[in-house]
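Chains as they are written, first to last, in my numbering: chain A, 1 to 528; chain B, 1001 to 1303; chain C, 2001 to 2339. Built from N, CA and C at the ideal position, the CB exists for glycine as well. Each remark here refers to the structure printed beneath this line.
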Amino acid sequence: MRLCTGLVMAHALGALACAPEASDDRPFVAAITSDPGQLNTAITTNGGVHTAAGVLYDGLVELDLDLNPVPALARSWEIENDGALYRFHLRRDVRWHDGKPFTAADVKFTFDELLLKFHSRTRASLAPALERIDTPDAFTVEFVLRRPYAPLLQQLNVEEAPIMPRHVFVTGDPLRNSANTAPVGTGPYRFVSYTSGSEIRYAANETYFRGAPAIANVVLRVIPDPAVQVIALEAGEVDWLFGVPGPERNRLRQDRRFVVEQSPGYSGGSNCVSTLAFNLESPLFNDVRVRRAVAHAIDRHQVLERVLFGEGRVADAPISSGIRFAHASGLSLPDLDTAAASRLLSEAGWQRRANNVRTSGSVRGVRDGTPLTIRFVTMPGQTQYGDLLRAQLRVVGIDLRITTMESAVFSETVFKARDFDTAIISYCNGTDPEIGVRRQYVSSSIGPVPFSNAAAYSNSEMDSLFDAAASAIVVEKRTSLYRRIQELAVRDQPYVWLAETLSTRAHSARCTGFTISPHFVATARCRD
Amino acid sequence: MAFSIRGSESAELAPAALLPGAGWSPLRTMLKRPTGRAGLVLLTLLIVVGAVAPLLTGIDPAAVTGPSLAAPSVAHIMGTDAIGRDLFSGIIFGTRSSLLIAISVGLVSGICGLAIGMSAGFFGGAADDILMHVTEAFQVLPRFFLVAIVIALFGPGLDRLIIILGLTSWPVLARVVRGEVLATKQLDYVLASVALGASRFHVFRYVLVPQVLPGALVLVGLIMGQVLLIEASLGFIGLGDPNTVTWGILAGRAQGLFRAGWWLAVFPGIAITSGVLAFNLTADALSSFVQGGRDTAWPSSST
Amino acid sequence: MYGIHDLAALRCYSALSRLTNRFVVRRLIQAVPTVLGIVLLGFVLVHAAPGDPVLALAGENGDAAYYEFMRERFGLDRSLPEQLLTYFTRVASGDMGVSYVQGRSTVALIAERVPATLLLTTSALTIAVLVSIPLGALAARRPHGARDVGINATVLVIYSAPSFWLAQLAILLIALKLGIVPVQGMTTAGSAASGIGHILDVARHLALPAIVLSLQELAALVRLTRSGLIDELHRDHIRTARAKGLSESRVLLRHALPRAALPAITVIGARAGQLIAGTVVIEIVFGWPGIGRLMLTSIQTRDTPLLLTLFMTIALTVVLANLITDLIHGILDPRIRVG
Chain A
1 MRLCTGLVMA
11 HALGALACAP
21 EASDDRPFVA
31 AITSDPGQLN
41 TAITTNGGVH
51 TAAGVLYDGL
61 VELDLDLNPV
71 PALARSWEIE
81 NDGALYRFHL
91 RRDVRWHDGK
101 PFTAADVKFT
111 FDELLLKFHS
121 RTRASLAPAL
131 ERIDTPDAFT
141 VEFVLRRPYA
151 PLLQQLNVEE
161 APIMPRHVFV
171 TGDPLRNSAN
181 TAPVGTGPYR
191 FVSYTSGSEI
201 RYAANETYFR
211 GAPAIANVVL
221 RVIPDPAVQV
231 IALEAGEVDW
241 LFGVPGPERN
251 RLRQDRRFVV
261 EQSPGYSGGS
271 NCVSTLAFNL
281 ESPLFNDVRV
291 RRAVAHAIDR
301 HQVLERVLFG
311 EGRVADAPIS
321 SGIRFAHASG
331 LSLPDLDTAA
341 ASRLLSEAGW
351 QRRANNVRTS
361 GSVRGVRDGT
371 PLTIRFVTMP
381 GQTQYGDLLR
391 AQLRVVGIDL
401 RITTMESAVF
411 SETVFKARDF
421 DTAIISYCNG
431 TDPEIGVRRQ
441 YVSSSIGPVP
451 FSNAAAYSNS
461 EMDSLFDAAA
471 SAIVVEKRTS
481 LYRRIQELAV
491 RDQPYVWLAE
501 TLSTRAHSAR
511 CTGFTISPHF
521 VATARCRD
Chain B
1001 MAFSIRGSES
1011 AELAPAALLP
1021 GAGWSPLRTM
1031 LKRPTGRAGL
1041 VLLTLLIVVG
1051 AVAPLLTGID
1061 PAAVTGPSLA
1071 APSVAHIMGT
1081 DAIGRDLFSG
1091 IIFGTRSSLL
1101 IAISVGLVSG
1111 ICGLAIGMSA
1121 GFFGGAADDI
1131 LMHVTEAFQV
1141 LPRFFLVAIV
1151 IALFGPGLDR
1161 LIIILGLTSW
1171 PVLARVVRGE
1181 VLATKQLDYV
1191 LASVALGASR
1201 FHVFRYVLVP
1211 QVLPGALVLV
1221 GLIMGQVLLI
1231 EASLGFIGLG
1241 DPNTVTWGIL
1251 AGRAQGLFRA
1261 GWWLAVFPGI
1271 AITSGVLAFN
1281 LTADALSSFV
1291 QGGRDTAWPS
1301 SST
Chain C
2001 MYGIHDLAAL
2011 RCYSALSRLT
2021 NRFVVRRLIQ
2031 AVPTVLGIVL
2041 LGFVLVHAAP
2051 GDPVLALAGE
2061 NGDAAYYEFM
2071 RERFGLDRSL
2081 PEQLLTYFTR
2091 VASGDMGVSY
2101 VQGRSTVALI
2111 AERVPATLLL
2121 TTSALTIAVL
2131 VSIPLGALAA
2141 RRPHGARDVG
2151 INATVLVIYS
2161 APSFWLAQLA
2171 ILLIALKLGI
2181 VPVQGMTTAG
2191 SAASGIGHIL
2201 DVARHLALPA
2211 IVLSLQELAA
2221 LVRLTRSGLI
2231 DELHRDHIRT
2241 ARAKGLSESR
2251 VLLRHALPRA
2261 ALPAITVIGA
2271 RAGQLIAGTV
2281 VIEIVFGWPG
2291 IGRLMLTSIQ
2301 TRDTPLLLTL
2311 FMTIALTVVL
2321 ANLITDLIHG
2331 ILDPRIRVG
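Here it is, written out as structure tokens:
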């Protein structure tokens, strides 16, 4: 009793010793916007599934704050044959949540049977380069590649390549495996329960190879309405938000009960540039003057301020400034200049009477007298871009018709049917231009693949520059090649690079120590 | 539906029976009630606002004319949205498109419902059976689901919204009209006039149409109110057409912003409520007038 | 959510209520083509629409080989009539298919969500009935009196307001400002409560969404109760009861109300479909884990098997609700005899 009183007086030092352990019972609650449906991240690139289940798994490597690879399931690695062979030495102390040991067979199985079949991003980027995966012993894995492949290590983290237990998936159809809704992983948290449409519960993995996380219980709570998520945070029902609607950010920031954090994102979903794509196959946009005119008509600062609520920066090059070695500085991207826009449009044959929409006069492929109406397609979350661009383009006599489409329809319309004039696409550049930039410009990625070359931009010089940059080993060489690539892109203007976006997270101030990785909560602790 | 409806029961088919009503002098009855007065005044007001929208505001509702998220002020009496568009002009021009949607759907469903209900009741027999089965099938799948699915799958647009809502709103109307026709056919004076050699067309034109139309109008009025609500819900779940300004789209834009800008949620909400209320109150008042007219001979001038 | 006018249709149902068992069976048989027709409509709609489930599944990336591989897995590489035939053959043998996205039986997925929606809708209806009877009775006492007009106007204004708007206002004013009830969800996140504790927890979460949803039903029920009572109070047996010197409230409760409640029961049954549709918006705002949200997700991801099973579930629910209503009506009203 005396001791206790003393401790209470020395509150700041260690009242915890006396406090009941009730605080540990209170779970850490994170809000997610949609029900993930299933929790196997190796068979999908669906962001909702990765957000909900990332803490259950590990990759061979982890990415640090600067997105450089650091050890995870692999404790070390060697790169041989000029980058055509990667040898990983695995940790020997890792166990699956069900107690079975983790071995090289799990890694090989995960790549061969899950990732390279069902994880569309890893399949698309790695499969063409990969010859085979060998397991010389139970704790060594070798990736044998067909050619030198620089970005491999960036693609082996938990987001791009989560490792799954072979013994669970070895029989039956992996897409229908019951472990997809009652998963087994190696990650810092293990699965407890999943209530469809409501919540998923996790508990700390006491035997995690990096040590058990401090927060014992984590609940991922489905709250579809983003405004209600914020209210739930303020009401204390939720501790963590993966996103915050623009105008709410400042309010939360001023409230000392909460912390708002921003980052350029993680791994494949990082360094995103929100981009207006022109369909170069449309007769409206095969004239570069029209493309440049549109670029001059757009006030990108207003886009940043009113659509993104100031979160991010106006793009100053085609490649995100987050990839430092590849980002070209000092390029002159067209900025707001309505006079220049009007002049270019008139030169291109689009004439204007009074304040009306421009009409064509001897524009190739367009019947004379056709109004300059642009079909703009977007996904439901991004109609704000359309609203603002419509208002801005109207000033120079361009009429924007917005069509909102669910992502499935959007992908089909833009990338397969190519039935659009312009579209808003967030191109996440990732950690290397090979991951997220190449697909945007090379002629081989024109086709039905979502988030590929939406413009259908085809330039053999561009193609060979990318090929040269991919196999160049020296960084300086790559830097100069990517600079040339960006100059070419600015000249041909197949896209308007609007802004580099950030991802925002908010959490209750009583908890600290989060990371931007899918393991966000594993390193955090909470006080009362 | 191989059962007959006797005249006495079919009186219950009239929607008017569900609504408050007594008295019979038509327009006076409507205007005597405060609710009827309010409905007519509100509806007239909204129609006038919609008709002369450009005279009421010089601001283009789609243009950026102010700062982002400005609270209501002299310059923007209902504030601005995130992009900087004026909400007041949005509401004013929204009145036009929202009423356009409601009235168009009212017309489409009114025509479908009357045509199907009257044919079923008038011709009876196999035609009646088939038509009523179709009607029932249309009633089984909730309208909102169907509309949400079609808009989500095929993309938003006023044209398809009007068509789908019009094509799915008529079953109730058809059933009521059919019932009314069946009941009217059994009335003594109709039977007598048929016995005296009145042509089918004569019965149809001078007896059935005047008897059925007022009740149908009441229902169409209620349908139009519901259409406004459905349009609003679609806007809320992100299925509105961004190229037009409707009350539903304005209300939908407030999602995620209603704490940062209460005006974005409050004013469109009030606009929708007043629009729905206008249709409901008017239909309500109209129904008491219909009910009053039932016992006396329906004035033919009203058709 | 939508429909005072549905009430009118109910009058048709009152005629329908002259039922025999044979009639029940016949109506169930008649419902089969209706339900099948609706599933066929859904099938054609989903397949005619742009948007490819495989593209939705692929997310950000993928290649031609991946699409082909997935299409083959789901049988999407075959012709539409072939797919339709396969689908209906499976359905006929009781196999409703497996969700493209979740890899689980669609029936199981829906079954998990049904209790939440059922709880929400039945609670909303119960609240609406419990509130509307006294309100209706109050209004019926003096038709066209101040109270009558006031009640009528109030329920009509509430009925005219969009439900998502009322829900947002309710969350802001009641849940956040007053802090009486939770803002979202069906249970406290991570709650380990069971038994009574669990029931109380769910009840606290249920209160707000159920009340908001009930508001849509209130207007119709109040008006029905009111007009039913006004009609009844003029009937002979009521005059007799009054002449016997029974108190006015006793006359109202014992003699008039039971009969006047009949149309209300019919309304409840006939509005089942609309009520389920109305929950979509409420489920989104309050984060309620029901089938309305499942429906929206399945549209977004082009999860055809799930969407079609949902179609069928809703159609069956509506058919059954109509039938049950007719039966209850037949039991409660002895005047209704076999026609």
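Self-check item: Residues in the region 1123-1149 of chain B having any Cβ partner in chain C nearer than 8 Å
Solution: H1133, E1136, A1137, Q1139, V1140, L1141, P1142, R1143, F1144, F1145, A1148, I1149
Quiz item: Within 8 Å (strictly less), CB to CB, does A/G404 reach chain B?
Solution: Looking at the sequence shown, residue 404 of chain A is not Gly but Thr. Taking Cβ atoms only, chain B reaches closer than 8 Å to A/T404, which makes this a yes.
Quiz item: Are the beta-carbon atoms belonging to A/G59 and A/N157 less than 8 Å from one another?
Solution: yes
Quiz item: Can the beta-carbon of A/H296 be found closer than 8 Å to that of A/A341?
Solution: yes
Quiz item: Going along the chain, which residues of its own chain have a beta-carbon closer than 7 Å to the beta-carbon of A/T181, five neighbours each way excluded?
Solution: Q38, L39, Y194
Quiz prompt | Contacts around C/T2313, its chain only, beta-carbon distance under 6 Å, and the 5 residues preceding and following it disregarded | solution = I2110
Self-check item: Alpha-carbon spacing of A/H167 relative to A/V61, whole angstroms
Solution: As the crow flies, the alpha-carbon of A/H167 is around 22 Å from that of A/V61.
Quiz item: Just checking my contact of A/V259 with A/R249 at CB under 8 Å: how many whole Å lie between their CB atoms?
Solution: About 11 Å separates the two Cβ atoms, so there is no contact after all.
Exercise. Starting from the N-terminal side, write out each stretch of the alpha helix (DSSP H) that is 4 residues or longer and does not extend beyond the region 2303-2329 of chain C.
Key: none
Exercise. Starting from A/E261, follow its DSSP beta bridges and name the residues at the other end.
Key: A/R505
Quiz item: Taking DSSP as the reference, what is the three-state secondary structure of B/G1235?
Solution: In the three-state reduction of the DSSP assignment, B/G1235 falls in the helix class.
Self-check item: Cβ contact check for the region 2273-2292 of chain C and the region 2110-2123 of chain C: 3 or more pairs under 8 Å
Solution: Touching, per the Cβ criterion.
Exercise. Within its chain, find whatever has a CB closer than 6 Å to the CB of A/M379; leave out the 5 residues flanking it on each side and keep chain order.
Key: S407, F410
Quiz item: Using the C-alpha atoms, what's the distance from C/L2262 back to C/V2222?
Solution: Between the alpha carbons of C/V2222 and C/L2262 lies a distance of about 13 Å.
Self-check item: Beta-bridge pairing of A/E78 - partner residues as DSSP gives them
Solution: A/R87
Self-check item: Closer than 9 Å at the beta carbon, the chain A residues around B/I1083
Solution: Q302, R306, V307, Q384, D387, L388, A391
Quiz item: When DSSP builds the beta bridges, which residues end up paired with A/F143?
Solution: Partner(s): A/Y86, A/I133.
Quiz prompt | Coil, strand or helix - B/Q1255 by DSSP | solution = coil
Practice problem: Mind the definition here: the region 240-248 of chain A touches the region 485-500 of chain A only if three or more C-beta pairs lie below 8 Å; say whether that holds. | Solution: no
Self-check item: Beta-carbon neighbours of A/R401, restricted to chain B and to distances below 7 Å
Solution: N1243
Quiz prompt | Proximity winner among B/I1162, B/V1177, B/A1148, relative to B/G1238 (alpha-carbon distances) | solution = B/A1148
Quiz item: Could you give the uninterrupted runs of the beta strand (DSSP E) lying entirely in the region 259-316 of chain A, keeping only those of 3 residues or more?
Solution: 272-278, 312-314
Quiz item: Between the region 2149-2161 of chain C and the region 1269-1281 of chain B, do at least 3 Cβ pairs fall closer than 8 Å?
Solution: yes
Quiz item: What does DSSP give as the partner residues of A/Q351 in its beta bridges?
Solution: A/T359
Quiz item: Are there three or more Cβ pairs, one per stretch, closer than 8 Å when the region 372-388 of chain A is compared with the region 417-437 of chain A?
Solution: yes
Quiz item: Using a C-beta cutoff of 8 Å, does C/I2174 count as contacting chain A?
Solution: no
Self-check item: Top-ranked residue by Cα proximity to A/I200, from A/A150, A/V218, A/I323
Solution: A/V218
Practice problem: Output yes if chain C places a C-beta closer than 8 Å to the C-beta of B/F1267; else output no. | Solution: no
Quiz item: Helix, strand or coil: how does DSSP classify A/R525 here?
Solution: Assigned with DSSP and collapsed to three states, A/R525 falls in strand.
Quiz item: According to the Cβ coordinates, are B/G1090 and B/L1250 closer than 8 Å?
Solution: yes
Quiz item: For C/V2267, does the three-state DSSP call read helix, strand or coil?
Solution: helix
Practice problem: Quick one: using the 10 Å Cβ neighbour count with 16 as the cut-off for buried, is A/N81 buried or exposed? | Solution: It counts as exposed.
Quiz item: Can you tell me whether DSSP reads A/E476 as helix, strand or coil?
Solution: helix
Exercise. Keeping to the same chain, check which residues put their C-beta closer than 8 Å to that of A/I223; ignore five residues upstream and five downstream.
Key: A31, I32, T33, Q229, A232, V238
Quiz item: Using the rule of at least 16 other Cβ atoms within 10 Å of the residue's Cβ for burial, across every protein chain shown, is A/R291 buried or exposed?
Solution: buried
Quiz prompt | Interface positions of the region 410-424 of chain A facing chain C (Cβ-Cβ less than 9 Å), listed along the chain | solution = Residues F410, S411, E412, T413, F415, K416, A417, D419.
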